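Chains as they are written, first to last, in this note's numbering: chain A, 405 to 799; chain B, -2 to 380.
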């Protein structure tokens, strides 16, 4: 039996654009808070990394209608070490002990023990069209977890900017193999798995195919690495600032084009790189709906265009005639499922000898200091900041 | 056609012999396509991706009788002189990497109706009495019981199979929404039904009533007037009423100009659903809900034209007699009035009744006989 701490510190969002407040919150599984539900996990956040979505949320662009009176813990990209496995009885019970509990497993059926490192998804209901008919639990209308539960009520700890987190009973979870550092696993839990899903949607890259990646944030950068691994011939990236474009080059981009260049000059460079015909594949990872028109213009006839980044209600200007005339295939992709979490970890393990994954990660911020990471990421001064959550200790 | 908007009759010499490995055919009837109007009007400045080789003979949906055929074509096409055939618009070169790979596409296809009159025998379009066919042509024999006019539906029906079956991958039990009730919409409904769709909904405007009334005979389970009732234009509400609120698996958008239906389609599709954009459209930009499209993980495919498999299935379907294609032939013109036929397509309100499918005969006899004219010359074009 592992001792469950009585409280845990968390950085809490109480107002859009305002500094996060560090609060001490109750922990599920104590006599005061009630039992861990059967199948739930209590994990110690080994590290959290910041996602662009956290920045959008903090700025009020993602969920402007959210009632912040109770406070929400931001952050959904993290890796945690199992502290207790829920059995429905207070305190939680380690698997395979004298209580007779069946060994706990991850979503792949692999054994899961206290002390294992895991990444996990929001909980989906498993009983709706998105979950069952369309096989997209990430779109479940009844999903629970990050940003669906305020920090004032059970299970209190559902965001990753915290010392501890509660993994809901229905959340898909994947054990992290030995040798993958926690901050890589953290990036795998959102950025990399999103790219794995986008590449699943894209399908194979044939030998000789050229790729254009729009955007040089984590999604764009991992798209470069994935396109390189998938056998692309030449890869161009449009993005910025310079530091991110350097990473893109280090990870396999043949041509990097700063957003500060005029669009006509970028277009000329991309066309020249592809021998005049335009890229066979375009991956939109910029988050800017305005990028769509540029991508439609550049992609070659009968090419493929994956939309992996566009956010916000702003409609994009689309010329349907261009899509028809060029016989394009446009693919939308969003979020991911357990198989993509697993694939993300496999991908990182596979490319670690070929690219310097560490280039992505930035400064380490104490939990009390997490607010400073958000505007720095918004300004492009950071690509993937790390929130260190354990230094304050757990009481 | 000597230029945009210019279609004049001209006598062209009957070819001394068929092209190597090809044939000479007597045109019986030809379906008029939206792309004929797009080229005639000048809206399409670069058909096939390059400036048109004026003068040239338009028309690329021919039904014809084989007059002279080379031994090689006889063997490869499995047809004889005297057979009636439909002719695929694209002939392949047979020599490029695409052709040799067996899975195409051909890098330099010859597109009938777009090759110049001054190039070789010149009879490369179907608005003429005779056509010359090159070796790389694909033809399908038309069974004796199928009329010339029904056989001209091989192209719109072939398109429909390509879009619905190959591009949208409609499967048994799918709910399919077809936007538009023109010849393309009706053929797409039929193709969806043939693919086993569980529900086929066709939309149209109140002024398309005549076409919408035909939809049930072309496989549609529901025909929806989108601009009727208290909420004119509310396609989403009208379609949901017909599905009991359920989303659709596939949307085939055959509405040639409007961009509004795109946003409707994004809303009506299920998670992971497919949207096929078909046909000729101007390049004007419309507002597109890109985040919604992305989150619903939709797929959008732009298509035009057909595939050989599409045409093969179209000929089978026409021959099976399941659908009353004869009800679509609203207008049949003699060859001498070919320009009027194309103009009617461009201005559907100019005729006595709104056109659904327009046919130009390969002679001035509009009743369907095909007695052969003087072979010394072949008349192309029209006043």
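C-beta: ideal position from N, C-alpha, C; glycine also. All values derive from a computational prediction rather than experimental measurement.
Outcome for residue 32 (chain B) when other beta-carbon atoms lying within 10 angstroms are tallied against a minimum of 16: Residue 32 (chain B) sits at position 35 when you count from the first residue of the second chain. Buried, since its Cβ has 16 or more Cβ neighbours within 10 Å.
Residue 170 (chain B) at chain C interface by Cβ criterion, 7 Å: No chain C is present in this structure, whose protein chains are A and B.
Where the beta strand (DSSP E) through residue 627 (chain A) begins and ends: Residue 627 (chain A) sits at position 223 when you count from the first residue of the first chain. Counting along the chain, residue 627 (chain A) falls outside any beta strand (DSSP E), though it belongs to the alpha helix (DSSP H) covering 622 to 633.
Residue span of the alpha helix (DSSP H) that contains residue 800 (chain A), given as start and end: This structure cannot settle anything about residue 800 (chain A), because the visible part of chain A is limited to 405 through 799.
For residue 164 (chain B), the three-state DSSP class (helix, strand or coil): Stepping through the second chain from its first residue, residue 164 (chain B) is reached at position 167. Helix.
Neighbour list for residue 540 (chain A) in chain B, Cβ cutoff strictly below 7 Å: Looking up residue 540 (chain A) in the first chain gives position 136. Correct list: 268, 269, 294.
Unbroken alpha helix (DSSP H) run spanning residue 153 (chain B), endpoints: As a first step, residue 153 (chain B) is located in the second chain; it is residue number 156 there, counting from the start. Segment 151 to 158, the alpha helix (DSSP H) holding residue 153 (chain B).
Contact under 7 Å by Cβ, residue 603 (chain A) with residue 629 (chain A): Counting from 1 along the first chain, the entry for residue 603 (chain A) is found at position 199. Counting from 1 along the first chain, the entry for residue 629 (chain A) is found at position 225. Contact: no.
Nearest-angstrom Cα separation, counted from residue 42 (chain B) out to residue 470 (chain A): Here residue 470 (chain A) corresponds to residue number 66 of the first chain, with the count starting at 1. Here residue 42 (chain B) corresponds to residue number 45 of the second chain, with the count starting at 1. Distance between the alpha carbons of residue 470 (chain A) and residue 42 (chain B) is about 52 Å.
Assigned exposure category for residue 350 (chain B) - 16 Cβ within 10 Å defines buried: Within the second chain, the letter at position 353 stands for residue 350 (chain B). Note on residue 350 (chain B): under 16 other CB atoms within 10 angstroms of its CB, so exposed under the neighbour-count rule.
Under 7 Å between C-beta atoms of residue 265 (chain B) and residue 297 (chain B): On the second chain, residue 265 (chain B) is found 268 positions in, with the first residue counted as 1. On the second chain, residue 297 (chain B) is found 300 positions in, with the first residue counted as 1. For residue 265 (chain B) and residue 297 (chain B), no; Cβs fall outside 7 Å.
Beta-carbon neighbours of residue 696 (chain A), restricted to chain B and to distances below 7 Å: Working through the first chain from its first residue, we reach residue 696 (chain A) at position 292. Simply 287.
Cβ neighbour criterion (16 or more within 10 Å) applied to residue 234 (chain B): On the second chain, residue 234 (chain B) is found 237 positions in, with the first residue counted as 1. Exposed is the call here.
Residue 657 (chain A), buried or exposed, once every other Cβ within 10 Å from all chains shown has been counted against 16: Locating residue 657 (chain A) in the first chain gives position 253, counting from the first residue. Looking at its Cβ environment, which holds 16 or more other Cβ atoms inside 10 Å, residue 657 (chain A) is buried.
Reduced DSSP secondary structure (H/G/I, E/B, other) of residue 360 (chain B): As a working note, residue 360 (chain B) is residue 363 in the second chain. In the structure shown, residue 360 (chain B) sits in coil (DSSP, three-state: anything other than H, G, I, E or B).
Distance between residue 35 (chain B) and residue 601 (chain A) (C-alpha atoms, nearest Å): Along the first chain, read from residue 1 onward, the residue named residue 601 (chain A) stands at position 197. Along the second chain, read from residue 1 onward, the residue named residue 35 (chain B) stands at position 38. When rounded, the distance between both Cα atoms is 40 Å.
Interface residues of chain B facing residue 731 (chain A) [CB-CB closer than 9 Å]: Within the first chain, the letter at position 327 stands for residue 731 (chain A). Within 9 Å Cβ-Cβ: 298, 299, 300, 301, 302.
Chain B contact for residue 543 (chain A) (CB, 7 Å cutoff): For the purposes of this step, residue 543 (chain A) is identified with residue 139 of the first chain, where counting begins at 1. By this cut-off, residue 543 (chain A) is an interface position.
Assigned exposure category for residue 616 (chain A) - 16 Cβ within 10 Å defines buried: On the first chain, position 212 is the one that residue 616 (chain A) refers to. Result: buried.
Minimum Cβ-Cβ distance from residue 719 (chain A) to chain B less than 7 Å: Position 315 of the first chain, counted from the start, is the residue given in the question as residue 719 (chain A). So, interface residue.
Close beta carbons around residue 679 (chain A), own chain, < 7 Å, minus the five adjacent residues each side: As a first step, residue 679 (chain A) is located in the first chain; it is residue number 275 there, counting from the start. If we look at residue 679 (chain A) and ignore the five residues flanking it on each side, it has no Cβ neighbours.
Range covered by the beta strand (DSSP E) that runs through residue 662 (chain A): As a first step, residue 662 (chain A) is located in the first chain; it is residue number 258 there, counting from the start. Going by DSSP, residue 662 (chain A) is part of the beta strand (DSSP E) stretching over 659 to 662.
Beta-carbon proximity check, residue 682 (chain A) vs residue 703 (chain A), cutoff 7 Å: Along the first chain, read from residue 1 onward, the residue named residue 682 (chain A) stands at position 278. Along the first chain, read from residue 1 onward, the residue named residue 703 (chain A) stands at position 299. Going by C-beta atoms, residue 682 (chain A) is nearer than 7 Å to residue 703 (chain A).
Residue 117 (chain B), buried or exposed, once every other Cβ within 10 Å from all chains shown has been counted against 16: Here residue 117 (chain B) refers to the residue found at position 120 when the second chain is read from its first residue. Exposed: under 16 other Cβ atoms inside 10 Å.
Coarse secondary structure for residue 72 (chain B), derived from DSSP in three states: If you number the second chain from 1, residue 72 (chain B) lands on position 75. Correct three-state label for residue 72 (chain B): helix.
Anticipated Cβ contact below 8 Å, residue 19 (chain B) with residue 134 (chain B), distance rounded: The residue given as residue 19 (chain B) occupies position 22 in the second chain. The residue given as residue 134 (chain B) occupies position 137 in the second chain. With a Cβ gap of about 7 Å, residue 19 (chain B) and residue 134 (chain B) count as contacting.
Coarse secondary structure for residue 303 (chain B), derived from DSSP in three states: Working through the second chain from its first residue, we reach residue 303 (chain B) at position 306. Assignment of residue 303 (chain B) by DSSP, reduced to helix, strand and coil, places it in the coil class.
Residue burial classification, residue 105 (chain B) (beta-carbon count within 10 angstroms, cutoff 16): For the purposes of this step, residue 105 (chain B) is identified with residue 108 of the second chain, where counting begins at 1. Its Cβ having fewer than 16 others within 10 Å, residue 105 (chain B) is exposed.
Length of the line joining the Cα atoms of residue 307 (chain B) and residue 508 (chain A): For this step, residue 307 (chain B) is matched to residue 310 along the second chain. For this step, residue 508 (chain A) is matched to residue 104 along the first chain. Computed Cα separation, rounded: 53 Å.
Nearest to residue 435 (chain A) (by Cα), restricted to the options A:492, A:784, A:774: The residue you call residue 435 (chain A) lines up with position 31 of the first chain. Of the listed residues, the one whose Cα sits closest to residue 435 (chain A) is A:492.
Residues that residue 470 (chain A) contacts on chain B, provided the C-beta gap is smaller than 9 Å: The residue given as residue 470 (chain A) occupies position 66 in the first chain. Within chain B, no residue comes near residue 470 (chain A); the closest Cβ sits about 17 Å away, beyond 9 Å.
Option in B:339, B:192, B:70 with minimal Cα separation from residue 311 (chain B): Locating residue 311 (chain B) in the second chain gives position 314, counting from the first residue. It is B:192.
Separation of residue 647 (chain A) from residue 655 (chain A), as counted between CA atoms: Translated into the one-based positions of the first chain, residue 655 (chain A) becomes position 251. Translated into the one-based positions of the first chain, residue 647 (chain A) becomes position 243. Their backbone Cα atoms lie some 13 Å apart in a straight line.
Contact set between residue 727 (chain A) and chain B, taken where Cβ atoms lie within less than 9 Å: Indexing the first chain from 1 puts residue 727 (chain A) at position 323. Residues of chain B passing the Cβ test: 274, 278, 297, 298, 299.
Positions along the region 240 to 262 of chain B whose CB lies within less than 7 Å of some CB in chain A: 256, 259
Straight-line gap, residue 16 (chain B) to residue 333 (chain B) (C-alpha atoms, nearest Å): Against the second chain, residue 16 (chain B) aligns to sequence position 19. Against the second chain, residue 333 (chain B) aligns to sequence position 336. Distance between the alpha carbons of residue 16 (chain B) and residue 333 (chain B): 26 Å.
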